[in-house]
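Quick notes on the structure that follows.
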Amino acid sequence: MKTPGKVPGFIGKAEIKHLEVIKLNDLLGVFISILFVLAVIILSEVLQRAGKDPEFTRKLVHIGVSHWWPLAMFLIDDIRFALIPPALFVAVNYYSHKKNFFKGMERKETGSDLGTVYFPVALIVLILLTWDGGLLGSGFEYIGLAGVMAMGYGDGFAAIVGQKWGKLKYRIFKNEKSLEGSTAMLTFSFSSIAVVLCLFAGFNPSVLRVSFLTALLATILEALSPSGTDNLTVPVVTALASYYFLHILKNSDLFIFIYMAGIGFLLSFIIAYVAYIKNSLTLDGSVGATFLGTIMYATSGIFGSFLMVLFFLSSSALSHFKKSAKSSVARHFDKTGCRDVLQVLANGGVGLIYSVLYYITKNPSYLVLLAISFAAANADTWATELGVLSKARPISLRTFKRVEKGTSGAVSLLGTLAALMGALLIGISTAAGFKLMGFGNMAFTHFQSLFIVTLGGFLGSLIDSLLGATLQGVYYSEELEGETEKRFFNGKPNRLVRGLSFVNNDLVNFLSIGISSVLFAGIV
Numbered sequence: 033m034k035t036p037g038k039v040p041g042f043i044g045k046a047e048i049k050h051l052e053v054i055k056l057n058d059l060l061g062v063f064i065s066i067l068f069v070l071a072v073i074i075l076s077e078v079l080q081r082a083g084k085d086p087e088f089t090r091k092l093v094h095i096g097v098s099h100w101w102p103l104a105m106f107l108i109d110d111i112r113f114a115l116i117p118p119a120l121f122v123a124v125n126y127y128s129h130k131k132n133f134f135k136g137m138e139r140k141e142t143g144s145d146l147g148t149v150y151f152p153v154a155l156i157v158l159i160l161l162t163w164d165g166g167l168l169g170s171g172f173e174y175i176g177l178a179g180v181m182a183m184g185y186g187d188g189f190a191a192i193v194g195q196k197w198g199k200l201k202y203r204i205f206k207n208e209k210s211l212e213g214s215t216a217m218l219t220f221s222f223s224s225i226a227v228v229l230c231l232f233a234g235f236n237p238s239v240l241r242v243s244f245l246t247a248l249l250a251t252i253l254e255a256l257s258p259s260g261t262d263n264l265t266v267p268v269v270t271a272l273a274s275y276y277f278l279h280i281l282k283n284s285d286l287f288i289f290i291y292m293a294g295i296g297f298l299l300s301f302i303i304a305y306v307a308y309i310k311n312s313l314t315l316d317g318s319v320g321a322t323f324l325g326t327i328m329y330a331t332s333g334i335f336g337s338f339l340m341v342l343f344f345l346s347s348s349a350l351s352h353f354k355k356s357a358k359s360s361v362a363r364h365f366d367k368t369g370c371r372d373v374l375q376v377l378a379n380g381g382v383g384l385i386y387s388v389l390y391y392i393t394k395n396p397s398y399l400v401l402l403a404i405s406f407a408a409a410n411a412d413t414w415a416t417e418l419g420v421l422s423k424a425r426p427i428s429l430r431t432f433k434r435v436e437k438g439t440s441g442a443v444s445l446l447g448t449l450a451a452l453m454g455a456l457l458i459g460i461s462t463a464a465g466f467k468l469m470g471f472g473n474m475a476f477t478h479f480q481s482l483f484i485v486t487l488g489g490f491l492g493s494l495i496d497s498l499l500g501a502t503l504q505g506v507y508y509s510e511e512l513e514g515e516t517e518k519r520f521f522n523g524k525p526n527r528l529v530r531g532l533s534f535v536n537n538d539l540v541n542f543l544s545i546g547i548s549s550v551l552f553a554g555i556v
C-alpha cells in the first residue's frame with residue numbers, strides 16, 4: 033500500500049497561501065517604490081517653485097530616482113512585479129515631457145530631449161538582464177545597481193560641476209562638454225560603482241580595476257551619447273561591462289590589457305586636450321596622440337609612456353621658446369609648432385611598433401629600441417628648434433657650403449649640440465627607468481643603455497639631416513624668394529628644385545627614426 037502523497041500538478045492550500053503572501057509583498061513593494069519616486073518628483077516641484085535653479089531640481093530627480101533600484105531590490109522579488117514601476121514611469125514621463133507637467137524634472141527649452149523617458153527604459157532593460165530570473169541568471173541585481181548608480185551620481189554631478197565650474201570646453205558631435213564635468217563623471221561613477229561592487233563582490237584590487245574601467249566607459253558614453261540617450265546607454269552598457277569584466281574576463285591577460293589601455297587613454301586624453309588648447313597639437317593631432325598614448329601604455333606601461341611624454345613636453349616647450357625670433361625662418365618649414373596627426377605618427381609610430389613587439393615577446397631589447405626612437409625624435413626636434421637661433425648660418429650636408437637658416441639638410445654647431453642634449457635626456461631617462469623598474473634578462477648594463485640610446489638618438493638626427501639634404505623634396509617659392517619645404521605657399525604651387533616630391537619632412541622623420549633604431553638592433 034502506497035503512502036498517500038501530493039498529487040502531481042496539485043497545489044495545496046499551504047502553497048497557495050504562501051504564493052499569496054509573496055504576491056502581496058511584491059505588490060506592497062511596487063506601491064512603496066512608486067511612492068518613493070513620486071516623493072522625489074514632488075520635492076523637486078516644491079524646490080523649483082521656491083526659486084531653486086531648474087537644472088538643480090532636474091539633477092535632484094536624476095540622482096534621487098536612481099535610488100529606486102536598491103529599494104526595489106529589497107522589496108520586490110518577482111521580476112514581473114519589478115517591471116511595473118519603470119513601465120509606468122515610461123508613460124508618465126513621456127506625458128510630462130510632452131505637456132511639461134512635472135516642471136521640476138523637465139528642461140525649459142523647446143525640443144528638449146527624451147532623457148527622462150530613456151532612464152526608466154534603461155531600468156526595464158536592466159531588470160530583464162539582472163533580476164532573479166533574468167537573462168544573466170540569478171543573483172546579479174547588484175550589477176544593475178552599479179549601472180544605475182553610475183548614471184545617477186556620475187551624470188548628475190557631472191552636470192552640476194560642468195554648469196558651475198566648467199571652463200575647459202570640448203565638443204563631440206553636437207554635445208558640448210567640459211573637462212571639469214567629465215572629471216566629475218569619472219570620479220562619481222568610479223566611487224559609486226566601487227562601493228556597489230565591493231559590497232556585493234568583495235573588496236580586492238580586481239574589483240577596483242573593474243570599477244575604474246566601467247567608470248571610464250561610462251564617462252566616454254556620457255560624452256558621446258546624443259540627445260539624452262546617455263540615460264539609456266550609460267546604465268545598460270556599464271552594467272554589462274561590469275558583468276563581463278567581473279565574471280568572464282576576471283584577471284585574464286585580455287582584462288589586464290584593457291585595464292592598462294584604459295589608464296593610457298585617460299592620461300593621453302588629458303595631455304592631448306591640454307596640448308590642443310595650448311596650440312601644441314591640432315584636433316587630429318590630439319586624436320592621434322591619444323591613440324598613440326593608449327596603445328603605448330597598454331603595451332609597454334609607464335616606461336614607454338614616460339619617454340613619449342618626455343619627448344612631447346620637451347619638444348613642445350622648445351617649439352614655443354623664442355617663437356617670435358624663429359618666425360622668419362619658420363615660414364620655410366613645411367610644418368611648425370602645432371603638430372598634426374601625421375607629425376605625431378611620424379615621431380611616435382616607430383616607438384609604438386617596438387612597444388607592441390615588447391608586449392608580444394617581453395624582450396627588454398625592444399624597450400631600448402623604443403628609447404632610441406624617441407631619442408632620435410627628440411634630438412631632431414631640439415636641433416631644429418634651437419639650431420635656427422644660431423647666429424652663424426648652417427652648413428649644407430649636400431654642398432658643405434653655408435646656406436640660409438631653415439634649409440633642409442643643413443646643420444649648425446648649436447643645432448648639433450642641441451641634438452646631442454636632446455638624445456642625452458632620453459638616454460638618462462632610459463637608464464633611470466631600467467634601474468627603477470628592475471627589468472631583468474638584459475644583455476647590457478644601465479650605463480650601457482644610456483650610452484646606446486644617446487648615441488642612437490644622436491645618429492638619428494644626423495640621418496634626418498642627410499635625408500633632408502638628399503631625398504626630401506625642396507621647392508623654390510617666388511613669394512618667399514628662396515627655398516622652402518612647402519609644396520604650396522598662399523595657395524600657389526612652388527617649383528621642385530631637388531629631391532623627391534613625395535618625400536616630405538614627416539616621411540624623413542619616420543625613416544630616420546626607423547633607420548637609427550634598426551642599426552642598433554643587432555647590438556641590443
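Mapped onto this note's numbering, the consecutive letters of the sequence shown carry residue numbers 33 to 556. Virtual Cβ for every residue (Gly too), placed ideally from N, Cα, C.
Going by DSSP, which residues form a beta bridge with residue i?
{"i": "Phe521", "result": "Lys524"}
{"i": "Asn207", "result": "Ile204"}
{"i": "Leu532", "result": "Gln504"}
{"i": "Arg371", "result": "Leu313"}
{"i": "Gly169", "result": "Gly166"}
Is the distance from the Cβ of residue i to the Cβ of residue j below 8 Å?
{"i": "Asp164", "j": "Phe113", "result": "no"}
{"i": "Thr413", "j": "Gly454", "result": "yes"}
{"i": "Val458", "j": "Gly489", "result": "The sequence shown places Ile at residue 458, rather than the Val named in the question. Result yes, Cβ atoms of Ile458 and Gly489 sit closer than 8 Å."}
{"i": "Phe552", "j": "Ile495", "result": "no"}
{"i": "Gly438", "j": "Val376", "result": "no"}
{"i": "Thr331", "j": "Tyr291", "result": "no"}
{"i": "Val180", "j": "Pro267", "result": "yes"}
{"i": "Gly294", "j": "Gly336", "result": "no"}
{"i": "Ala178", "j": "Leu229", "result": "yes"}
{"i": "Phe479", "j": "Ala463", "result": "yes"}
{"i": "Ala321", "j": "Ser300", "result": "yes"}
{"i": "Ser405", "j": "Ser348", "result": "no"}
{"i": "Ser214", "j": "Ala255", "result": "yes"}
{"i": "Val556", "j": "Leu401", "result": "yes"}
{"i": "Gly176", "j": "Leu161", "result": "yes"}
{"i": "Leu491", "j": "Ser444", "result": "no"}
{"i": "Phe289", "j": "Phe277", "result": "no"}
{"i": "Phe172", "j": "Tyr329", "result": "no"}
Near residue i, which residues of its chain fall below 6 Å by C-beta distance, leaving aside the five closest residues on each side in sequence?
{"i": "Ala415", "result": "Gly447, Ala450, Ala451, Ser493"}
{"i": "Leu51", "result": "Annotation note: pLDDT 49 at Leu51 (below 50); position unreliable, coordinate value reported separately. Result list for Leu51: empty, nothing under 6 Å."}
{"i": "Arg430", "result": "Gly441, Ala501"}
{"i": "Ser170", "result": "Asp164"}
{"i": "Phe220", "result": "Tyr185, Gly186, Phe189"}
{"i": "Phe216", "result": "The sequence shown places Ala at residue 216, rather than the Phe named in the question. Taken in chain order, the residues that qualify are Phe189, Ala190, Val193."}
{"i": "Tyr386", "result": "Tyr398, Leu401, Leu402"}
{"i": "Ala378", "result": "Asp538, Asn541, Phe542"}
Within the continuous beta strand (DSSP E) that includes residue i, where are the two ends?
{"i": "Gly514", "result": "514 to 516"}
Cutting at 7 Å between CB atoms, please list the residues of its own chain near residue i, excluding the five before and the five after it.
{"i": "Ile95", "result": "Gly184, Tyr185, Gly188"}
{"i": "Leu389", "result": "Tyr398"}
{"i": "Leu115", "result": "Ile156, Ile159"}
{"i": "Pro17", "result": "Nothing can be reported for residue 17: it is not among the residues displayed for the chain, which extend from 33 to 556."}
{"i": "Lys91", "result": "Gly188, Ala191, Ile192"}
{"i": "Glu436", "result": "Arg425, Gly514"}
{"i": "Leu264", "result": "Tyr150, Val153, Ala154"}
Between which two residues does the alpha helix (DSSP H) carrying residue i extend?
{"i": "Ser509", "result": "Note, Ser509: premise wrong, no alpha helix (DSSP H); beta strand (DSSP E) at 506 to 509."}
{"i": "Ile404", "result": "397 to 419"}
{"i": "Ser284", "result": "From DSSP, Ser284 is part of no alpha helix (DSSP H); its letter is neither H nor E."}
{"i": "Pro117", "result": "116 to 131"}
{"i": "Phe88", "result": "86 to 97"}
{"i": "Gly546", "result": "537 to 551"}
{"i": "Pro267", "result": "262 to 276"}
{"i": "Phe106", "result": "100 to 107"}
Apart from the five residues on each side of it in sequence, which residues of its chain come closer than 8 Å, Cβ to Cβ, to residue i?
{"i": "Gly143", "result": "For Gly143, the pLDDT reaches just 48, beneath the cut-off of 50, and the residue's location in the model is therefore unreliable, although a value from the coordinates is still provided. Closer than 8 Å at the Cβ level, and outside the excluded window around Gly143, lies no residue."}
{"i": "Leu60", "result": "Leu107"}
{"i": "Gly554", "result": "none"}
{"i": "Ala104", "result": "Gly61, Ser65, Ala114, Pro117"}
{"i": "Thr326", "result": "Ala293, Gly296, Phe297, Ser300"}
For this session: Return the chain-ordered ranges of every alpha helix (DSSP H) run that is complete within the region 426 to 497 and spans a minimum of 4 residues.
Result: Listed in chain order, the complete alpha helix (DSSP H) runs (minimum 4 residues) inside the region 426 to 497 are 445 to 469.
Exercise. What are the complete beta strand (DSSP E) segments, minimum 3 residues, inside the region 179 to 256?
Worked result: Listed in chain order, the complete beta strand (DSSP E) runs (minimum 3 residues) inside the region 179 to 256 are 201 to 204, 207 to 210.
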